[in-house]
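Take the sequence shown: its letters are residues -20 to -1, 1 to 485, numbered as in mature numbering (1 follows the signal peptide of the UniProt record, and there is no 0).
We put the beta carbon where it would ideally sit given N, CA and C, even for glycine.
Reviewing the structure listed below.
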Amino acid sequence: MRVKLESAFFFFFLFFSLLATNIVAVGASSSGSIKPSHYTWNFNRTLFPSTFLFGAGSASYQVEGAANIDGKGPSTWDTFTHQYPERIADGSNGDVAVDFYHRYKSDIHLMKKIGLDSFRLSISWSRIFPKGKGKVNQLGVNFYNNLINELLANGIKPCVTLFHWDLPQALEDEYGGFLNRKIVNDYRDYADFCFKTFGDRVKNWVTFNEPYVFISNGYASGNFPPVRCSDYEGNCTAGNSATEPYIVGHHWLLSHAAAVRLYKDKYQASQKGEIGITLVTFWYYPKTNTTADIEARKRAIDFWFGWHANPLVYGDYPESMKSIVGDRLPKLTKEESKLVKGTYDFIGLNYYSTFYIEDAPPTTINQSLATDQQVAFVLPEGGATIDGAQGLHDLLVYIKDNYKNPTIYIHENGIGDTYNASTPVQEYIKDSARIRFHDSHFRTLLQAIKDGVDVKGYYLWSFLDHFEWTSGFTSKYGITYVDFNNNLKRTLKYSAYWYKKFLLK
């Protein structure tokens, strides 16, 4: 099956359809369930470097809830889910989410029970600054102070993302958010406050999570806030899918660099932490060994990963992007290039799947971030499967060879179950497919380390079943089951017990 990326809207659909190869029917997940006590345990954390961090992840809007209490201001995701409930698979929102805001202590108790080294969380910008800037909401500050302290008291290192897609709505309303260069200073000031307030205890900072997904869905397809795209997408009332994604990407990059430079100049020497950015990409195998398909594979990686990684490592955008996008891609001035280059201690990597890819002809009709890549995803013929775990290994080696072997943390990697109300809870808890998924990825990850890739941590996605953006609560990635029909009761899945045994030292 050959699928050309002919529109940003279709690309959004394809992205989540492809990601669905990592979403399994619960019946398949539980069939022949592997009980933790029956698994092979000669493969465990002792084979990894002693300082390697094993953890799990989350994001503020996906877990916290408490959307309208204790002084929090609205974010763009608060607005989006209420304005467009039909765009969420089950019509849900993050108003309560999984109520992590009130239940973090008991959730951290579960993390400790499993044996997590680290927990990846994000700060809600509008919980700290309800208007995005100006007056501080002390109750929001108190929450994050208490959360960080509770993690540390239980021997769990916080890894903190400053921005995981939930922009203060006030900044979107005031000047268009990331479409306006004013965002750079406001983001830097927000980051400065966080470094100053939490940096004595937080030693792992992430500036942004997945610029590509945020930008492509928010400004090319309009399926995420702020719902901007061209008329031909038929999904938005304003926007330009051919230009706005690149403007926003440029401002993300400058915001990242401004925050990192500030941290390094003002805080790093005394706080002794590290800072980076989290990028996302699939791995791709060319359909054939032709030059055209091999170059198509490189273009796809350039657009997904290199768009922001290239400037960090080399000081400029990838040549393929500059050649194809032309004047629609903002140019990095000499000053900007100098500002951006080298602004990372590590690169966070979110990886889920591997696909085949082939060259597609260029088009000047309905241009967008999707069509500019000039690639087509090619699904295996005859139902053949692709080894996604091997894809992780090959991607890591590619990054080592092409990006000067940066320190890498795997910040997201996981597999989801599709929720069905008629399925017994126990079937979700017996998640043997998730155990097999992470075990296979751990094995290829270890091989990548042996092959010289500087990987220092792995955060599985996710700790809890939570709000999965436009999938709502219909996709369950957690190693902890959350029962939305029983007061959000938490139950550790088989995968949590497997992880616990894997992590025993």
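Burial check for Gln42: the Cβ neighbour count within 10 Å reaches 16 or more, so the residue is buried.
The beta carbon of Leu426 sits closer than 8 angstroms to those of Leu27, Phe28, all from its chain and outside the five residues before and after it, given in chain order. DSSP places His446 in the coil class of the three-state scheme, outside both helix and strand.
Its Cα nearest to that of Ile388, the residue Ile327 stands out among Glu152, Ile327, Phe447.
By the Cβ test, the segment 208 to 216 is not in contact with the segment 294 to 301, since fewer than three Cβ pairs between them sit closer than 8 angstroms. Going by C-alpha positions, Gly95 is about 15 angstroms away from Glu130.
The beta carbon of Tyr81 sits closer than 7 angstroms to the beta carbons of Glu44, Gly45, Ala46, Phe123 from its chain, once the five residues preceding and following it are set aside; these are given in chain order. When Cβ pairs closer than 8 angstroms are counted between the two stretches, the segment 364 to 382 is seen not to touch the segment 105 to 120, the count staying below three. The beta carbon of Tyr383 is closer than 7 angstroms to those of Ala289, Val293 in its chain, skipping five residues each way along the sequence. Contact between the segment 348 to 355 and the segment 396 to 406 is absent, with fewer than three C-beta pairs closer than 8 angstroms. Val462 carries a strand assignment under DSSP once its states are collapsed to helix, strand and coil. Note: Ile390 is bridge-paired with Leu329, Tyr438 in the DSSP secondary-structure output.
For Ile103, there is no enclosing alpha helix (DSSP H), as DSSP gives it neither H nor E. DSSP places Gly371 inside the alpha helix (DSSP H), whose first and last residues are 368 to 382.
The residues Asp273, Tyr336, Ile337, Glu338, Val358, in chain order, have a CB closer than 7 angstroms to that of Lys267 in the same chain once the five nearest residues on each side in sequence are set aside. Under the DSSP definition of a beta bridge, Trp185 partners with Val140, Ile255. Here Gly219 is not bridged, per DSSP, to any residue. Judged by DSSP in its simplified three-state form, Trp284 adopts helix. Note that the C-beta distance between Val78 and Ile103 is not below 8 angstroms. The C-beta of Asn126 has fewer than 16 other C-beta atoms within 10 Å across all chains shown, which makes the residue exposed. For the segment 33 to 99, the continuous alpha helix (DSSP H) assignments of 4+ residues that do not extend past its boundaries occur at 40 to 43, 56 to 63, 80 to 94, in sequence order. Annotation for Lys321: Gly295 place their beta carbon closer than 6 angstroms to its own, counting only its chain and skipping 5 residues before and after. Among the bridge pairs identified by DSSP, Arg308 is matched with none. Counting the other Cβ atoms within 10 Å of the Cβ of Glu190 gives 16 or more, which makes it buried. Assignment of Ile337 by DSSP, reduced to helix, strand and coil, places it in the strand class. By the Cβ rule, the segment 309 to 320 does not count as touching the segment 273 to 284, because fewer than three pairs are nearer than 8 angstroms.
Boundaries of the alpha helix (DSSP H) around Leu233: 224 to 246. In the DSSP secondary-structure assignment, Leu472 is bridged to Thr460. For Tyr265, the beta-bridge partners assigned by DSSP are Tyr336. Here DSSP, grouped into helix, strand and coil, assigns Ala350 to coil.
The criterion of a C-beta distance shorter than 8 angstroms is not satisfied by Ser250 and His144.
One thing to note: His236 has its Cβ no nearer than 8 angstroms to the Cβ of Phe158. In this structure, Leu444 lies near Ser38, with their beta-carbon atoms less than 8 angstroms apart.
In this structure, Phe109 and Tyr170 form a Cβ contact; the two beta carbons are roughly 6 angstroms apart against a cut-off of 8 angstroms.
Linking Lys410 to Leu484 through their CA atoms gives a straight-line distance of about 21 angstroms.
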